[in-house]
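A.B. asks: Numbering (our numbering), first residue to last: 248 to 359. For reference, the structure I am asking about is given below.
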């Protein structure tokens, strides 16, 4: 029996989008870190002051994109647990995973 019949109901699967988003970001972190570490080694010869922006811009943008993905997935867990918020929760988690996945093609475009 419902303890609050007139109030908003609790979504029984509120935890699913944040969990799926976090479980997708976790292995993606290793891929991103692997490519990022080799990209940083690629720029050792030119240094931070002499590298062109086609090299330094992806290296400075990649951690921000991945961090934004983590924040978006965490925000999807902090939304209210009402069924009305389910589409927003799914959208936040999906956008977070997409932001983390966008790091891979960004780092693969580094060239001199």
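C-beta atoms are modelled at their ideal positions from N, C-alpha and C, and glycine is treated no differently.
#1: Alpha carbon to alpha carbon, what distance is there between residue 259 and residue 357?
#2: Can you name, in chain order, every residue of its own chain whose Cβ lies under 6 Å from the Cβ of residue 336, other than the five neighbours on each side?
#3: Return helix, strand or coil for residue 337, following the three-state DSSP convention.
#4: As a quick exercise: from 257, 283 and 256, pick the residue whose alpha carbon is nearest that of residue 312.
#5: Taking 9 Å as the cut-off, decide whether the C-beta atoms of residue 320 and residue 344 are in contact.
#6: With a threshold of 16 other CB atoms inside 10 Å of the CB of residue 314, please say whether the residue is buried or exposed.
#7: Using only alpha-carbon positions, find the residue among 276, 309 and 275 that is nearest to residue 287.
C.D. replies: Concretely, from the data shown:
#1: In the chain shown, residue 357 corresponds to position 110, counting from 1. In the chain shown, residue 259 corresponds to position 12, counting from 1. Counting only the Cα atoms, residue 259 lies some 44 Å from residue 357.
#2: By one-based count along the chain shown, residue 336 stands at place 89. Same-chain partners within the cutoff: 264, 323 and 326.
#3: Counting from 1 along the chain shown, the entry for residue 337 is found at position 90. The answer is helix: DSSP assigns residue 337 an H, G or I state.
#4: Locating residue 312 in the chain shown gives position 65, where the first residue counts as 1. It is 283 whose Cα lies nearest to the Cα of residue 312.
#5: By one-based count along the chain shown, residue 320 stands at place 73. By one-based count along the chain shown, residue 344 stands at place 97. The Cβ atoms of residue 320 and residue 344 lie closer than 9 Å to each other.
#6: For the purposes of this step, residue 314 is identified with residue 67 of the chain shown, where counting begins at 1. Classification of residue 314: exposed, given that the 10 Å Cβ count is below 16.
#7: By 1-based counting over the chain shown, the position of residue 287 is 40. Taking the Cα of residue 287 as reference, the smallest distance to any Cα among 276, 309 and 275 is reached at 309.
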